[in-house]
Amino acid sequence: MSDQRHADFLVIGCGPVGVMAALRCAQRGLSVIAIDRLTEVYPLPRAIGMDDEVQDLIARTGLIDEFRTYSTQLPGGEFTDGEGNRVVGIELPLGTVGALGHPPMVTFDQPSLERNLRAKAVAAGVDMRLGLEAVALTDLDGGGARVDVRGADVDTSITARWVIAADGAKSTVRSLRSIAMIDQGFDQTWLVVDTLLRDPDLPLPRVARQHCSADRVCTFVPGPGGHRRGGFQLRPGEQREDVLAAESIAQLLAPWGTSDQIEVTRAAMYRFHANVAATFRDGPVFLVGDAAHQMPPLCGRSGQRLGRCDRADWRLAPRCHGVMV
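In terms of this note's numbering, the sequence shown opens at residue 7 and continues consecutively.
Following this line, the structure appears as structure tokens:
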């Protein structure tokens, strides 16, 4: 099947940053097509923390009430030494809100947020096409771009005045435009383990904890409901397959509980980087989110905030309506 469509904006990548951009463009009266190579929301959480600035962006979309049903206030954070003694930290009373009217920090379920954002975007008029990926991108005479996309039964082109690339750290669009990534000198491998509490009375920290042990740096984050996340930095010489073994994971989680008390729902190895694109704009193409910059996990809330604030809708929407800003 082959057809062709035109829009003010083409958003490539329907993760939270891309769908937020598509939704805000549609709410500003612009025509938007959004594509993603996957056909469904990724079912497991990746991001887990969010500050009040990102919550405020969600509030502007009209989704804050739904968001509160799958998020919870994070009452603080701390750094501890190798013996578990607090070195520095802060705790805030539950119900604390900042200047924007939201808790300073919450943890949340990312798949639920993505489903809500997608439904809201479609209701606002976004033409969302899943199972498609960009394979070529060409600037048009007079402005705009043509993007060739391909799917299981689709081979088509989409033209747009502006293209927003929110297609992640391995961005196809960034590669098609030959935009280099500049290495900021941070490169670490971590094991991330998501768990659910079998025992709700298990005495675990209420706050996020960074355990600064000389033996192994690790992170603990209490999520919504019974969700808890652990992060463990790999030591020099450790092999991925050894660390991912069930016995190794159980040993790493032992300070927090046994298999009778906690259930492992996901264990994944990540290589964390600090990279930034040489440019965020190339003609009619804008890079946003991880396509533009990548941060270590401890900067995740800043990475999310930057990703959502990367959205160019506030500046480009007036231009689409004939107003220069």
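The beta carbon of each residue, even a glycine, is placed where N, CA and C say it ideally should be.
Within this structure, are the beta carbons of residue i and residue j separated by less than 8 Å?
i	j	result
Arg-333	Thr-165	The shown model of the chain, from 7 to 331, leaves out residue 333, and the question about it has no answer.
Arg-106	Glu-139	One point to set straight first is that residue 106 is Leu, not Arg, in the sequence displayed. Contact: no.
Leu-29	Thr-78	no
Gly-101	Phe-85	no
Asp-14	Leu-50	no
Ile-39	Asp-133	yes
Ile-170	Ala-27	yes
Val-23	Ala-175	no
Leu-293	Ser-219	no
Arg-25	Leu-123	Reading off the sequence shown, one finds Val at residue 25, where the question assumed Arg. A contact, by the Cβ cut-off of 8 Å.
Leu-98	Gly-82	yes
Asp-159	Val-141	no
Arg-235	Val-223	no
His-108	Gln-61	yes
Leu-80	Ala-214	yes
Gly-243	Thr-225	no
Let me know if residue i comes out buried or exposed under the rule of 16 or more other beta-carbons within 10 Å of its beta-carbon.
i	result
Glu-253	exposed
Arg-167	buried
Phe-73	buried
Ile-54	buried
Gln-245	exposed
Ala-186	exposed
Met-301	buried
Glu-89	exposed
Asp-6	Residue numbering for the chain in the displayed model covers 7 to 331; residue 6 lies beyond these limits and cannot be assessed.
Asp-57	buried
Gly-148	exposed
Val-93	exposed
Asp-221	exposed
Round the Cβ separation of residue i and residue j to the nearest angstrom and send it over; I've been treating them as touching at under 8 Å.
i	j	result
Pro-230	Phe-114	6 Å
Thr-195	Leu-240	5 Å
Leu-208	Gln-267	5 Å
Gln-1	Ala-280	As shown, the chain starts at 7 and ends at 331. That puts residue 1 outside it, with no answer to give.
Leu-202	Gly-232	5 Å
Leu-143	Val-291	7 Å
Taking DSSP's pairing of strands, which residues face residue i in a bridge?
i	result
Pro-109	Paired residues: none, contrary to the question.
Asn-281	Asp-189 and Gln-300
Ser-77	Phe-114
Val-227	Arg-235
Q) Does the pairing of the segment 255-271 with the segment 172-187 give three or more beta-carbon distances under 8 Å? A) no
Q. Three or more beta-carbon pairs under 8 Å between the segment 281-301 and the segment 242-260, yes or no?
A. no
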